[in-house]
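Okay, structure first, notes after.
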Amino acid sequence: MLGSVFLEIGVILGLAAIGGFIAQFLRQPLIVAFIAIGILVGPSGLGMVSHSSEIELFARLGIALLLFVVGLKLDLHIIRTVGPVALASGLGQVLFTSVVGYLIALLMGMSPVTALYVAVALTFSSTIIIVKLLSDKREVDSLHGRIAVGFLIVQDIVVVLVMIGLTAFGQAEEGINIGREALVILLKGALMLIGVALLMRYVLPRLLQRMAHSSELLMLFAIAWAVLGASIGDLLGFSKEVGAFLAGISIASTAYREQVAARLVSLRDFLLLFFFIELGASLDILNLGGQLGTAMIFSLFVLVGNPLIVMAIMGYMGYRKRTGFLAGLTVAQISEFSLILAALGLSLGHLEQDTVGLITLVGLITISVSTYMILYSHPLYARLAPWLSIFERKVAYRELSTTAGDEEKVDILLIGLGRFGASVATNLRQRGCRLLAVDFDPQAVQYHTRDGYAVRYGDAEDPEFIASLPLSRATWVVSTVRDRAINRMILHGLKEQGYKGKVAISAAGSYDAKFFEQAGVDMVLVPYTDAAREAAAQLFPQKKADNPQV
Numbered sequence: 066m067l068g069s070v071f072l073e074i075g076v077i078l079g080l081a082a083i084g085g086f087i088a089q090f091l092r093q094p095l096i097v098a099f100i101a102i103g104i105l106v107g108p109s110g111l112g113m114v115s116h117s118s119e120i121e122l123f124a125r126l127g128i129a130l131l132l133f134v135v136g137l138k139l140d141l142h143i144i145r146t147v148g149p150v151a152l153a154s155g156l157g158q159v160l161f162t163s164v165v166g167y168l169i170a171l172l173m174g175m176s177p178v179t180a181l182y183v184a185v186a187l188t189f190s191s192t193i194i195i196v197k198l199l200s201d202k203r204e205v206d207s208l209h210g211r212i213a214v215g216f217l218i219v220q221d222i223v224v225v226l227v228m229i230g231l232t233a234f235g236q237a238e239e240g241i242n243i244g245r246e247a248l249v250i251l252l253k254g255a256l257m258l259i260g261v262a263l264l265m266r267y268v269l270p271r272l273l274q275r276m277a278h279s280s281e282l283l284m285l286f287a288i289a290w291a292v293l294g295a296s297i298g299d300l301l302g303f304s305k306e307v308g309a310f311l312a313g314i315s316i317a318s319t320a321y322r323e324q325v326a327a328r329l330v331s332l333r334d335f336l337l338l339f340f341f342i343e344l345g346a347s348l349d350i351l352n353l354g355g356q357l358g359t360a361m362i363f364s365l366f367v368l369v370g371n372p373l374i375v376m377a378i379m380g381y382m383g384y385r386k387r388t389g390f391l392a393g394l395t396v397a398q399i400s401e402f403s404l405i406l407a408a409l410g411l412s413l414g415h416l417e418q419d420t421v422g423l424i425t426l427v428g429l430i431t432i433s434v435s436t437y438m439i440l441y442s443h444p445l446y447a448r449l450a451p452w453l454s455i456f457e458r459k460v461a462y463r464e465l466s467t468t469a470g471d472e473e474k475v476d477i478l479l480i481g482l483g484r485f486g487a488s489v490a491t492n493l494r495q496r497g498c499r500l501l502a503v504d505f506d507p508q509a510v511q512y513h514t515r516d517g518y519a520v521r522y523g524d525a526e527d528p529e530f531i532a533s534l535p536l537s538r539a540t541w542v543v544s545t546v547r548d549r550a551i552n553r554m555i556l557h558g559l560k561e562q563g564y565k566g567k568v569a570i571s572a573a574g575s576y577d578a579k580f581f582e583q584a585g586v587d588m589v590l591v592p593y594t595d596a597a598r599e600a601a602a603q604l605f606p607q608k609k610a611d612n613p614q615v
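Below is the structure:
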């Protein structure tokens, strides 16, 4: 015990920064580091800090802002764009994991209520961690990335509904008709939703428009609105988390959602640090050691069972085994919501501290292992692909090539329809080139297909997809993707297929350009350098060699 709250928080922040640096070096999410630091400095570790009302307040504010930002960024459009697969995979995985997890927990001697909490905690995956990992790999806009984000949103909605149900269940005292209590909660919820809808329609747009003249005032209002929403939710008999979530939804349809969300993310992460520190400090490390065997069983179920059910659902719906595998890996861990759910169960008297410790230990194991699984998903798929065919239909009709135009004769296969790729495609078509374009962003495929392009959806890193392209009819294969690793995969795939035509590769700079030149590429494109050279030539077409001052 350090005595001073200010010094206590200072020590926590300093150690968290060190732990975060180590986690970054190990390519682990910061959540793992923060919980570990909490165990280290808590009573079961060094005993440097203890539970305090200040740390608890910061933790509750962090959870409120987390749910507020989730509601704020709730984009139902993503669910619509990936169709039924987000709902089917999200709900199917939640149902499968809950039922099987519940049975496993009962077989391990847990009471029905404890088993229910553990089973539900195993179902949710971390939207924050997954989106961060997919963003780092530039796979958010890929098909499997969009599907993953879609069913993570479904999970976020389900977890809010679960919190409402558990809070109502916890408030139903013995002797009170649970059906009547549920009806009261339902009526309160309806009134709250009506109030939110009226505010969204008549009050918040005008209010935010006035406050947007000052970004500081807008942020202050957003934080106040999140905390006020959490307080109202708690007052009406729901949880603070539900109130904060609805507060976020109430301004999600305004033009200021992106600005507010972007500015609040750092504050949210800072305050959540205290929740994970508090959670870690409350754990008894000796009891955690005794629960390691049980935690390993549940962790193995999450790491293997969750991806398998997602692959099975997506395979049945007509997706390729590669898409199902890459999307399935994103549910191979439990989330911060699982830990919040466990803390809620403890506060309601439904769970013991040992069960909270067990769920936390499962979180540490699954988050740590699944992070590496996602980071190295492509090599992992390459090794497991021969055994995954049972998760794929003979005709993966959901991923049949989206094409337009005549592919019988192809002059150029263009890989990548980003800003540079789209400009190249436009210029080639103006020159009368017969073009087939490839991109892994479904929206880009739809957009360019409507413009009359011949376009296929596909991931250039997938050797099986490279093999499906009409390479024998193409004179050139042009990659406008400036990622060195992806381009190396493309060259490897072309070599394996015995492609005899010419290849042009885009490079991010001179170092990559020299690498691909030495690899025997026919042409290397360096977009910014080429554009700068062309601009200079147009601005100053004649070289004044005779003038020494030029």
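Residue 66 is where the sequence shown starts when you use our numbering, and the numbers rise one by one after that. Beta carbons are placed, not taken as given, at the ideal position from N, Cα and C, and that holds for glycine.
- Going by DSSP, M113 is part of no beta strand (DSSP E) at all; its letter is neither H nor E.
- DSSP, reduced to helix, strand and coil, places M588 within a strand of the structure shown.
- When beta bridges are read from the DSSP output, L500 appears opposite I477.
- The DSSP-derived three-state label of V97 is helix.
- Note on geometry: alpha-carbon atoms of H557 and A578 lie some 17 Å from one another.
- Apart from the 5 residues on each side of it in sequence, A346 sits with its Cβ closer than 6 Å to the Cβ of G103 and G107 in its chain, given in chain order.
- With a cutoff of 9 Å on beta-carbon distance, A277 and A291 are scored as not near each other.
- By alpha-carbon distance to A539, the top candidate from D527, R547 and G563 is G563.
- Annotation: the continuous beta strand (DSSP E) that includes V520 extends over V520 to Y522.
- According to the DSSP secondary-structure assignment, A569 is paired through a beta bridge with V543 and M588.
- Ranked by how close their Cα comes to the Cα of L493, the residues A519, S315 and V510 have A519 in first place.
- In the three-state reduction of the DSSP assignment, D527 falls in the coil class, being assigned neither a helical nor a strand state.
- Our two residues, E526 and I551, have alpha carbons roughly 6 Å apart in a direct line.
- Per DSSP, H513 is one residue of the alpha helix (DSSP H) stretching across P507 to R515.
- Around V434, the same chain offers S364, L368, A397 and Q398 as residues with beta carbons nearer than 8 Å, after the five sequence neighbours per side are excluded.
- Listed in chain order, the non-local C-beta contacts of G155 below 8 Å within the same chain comprise G215, F216, L217, I218, V219, Q220 and V223, local neighbours out to five positions each way being set aside.
- DSSP, read as helix, strand or coil, puts E417 in coil.
- Between F402 and the set K386, L423, G414 and G428, the nearest pair of CA atoms involves G428.
- If you draw a straight line from the Cα of V542 to the Cα of C498, it comes to about 13 Å.
- DSSP places I288 in the helix class (H, G or I) of the three-state scheme.
- Note on E73: 16 or more other CB atoms within 10 angstroms of its CB, so buried under the neighbour-count rule.
- Between G410 and the set L449, G230 and Y441, the nearest pair of CA atoms involves G230.
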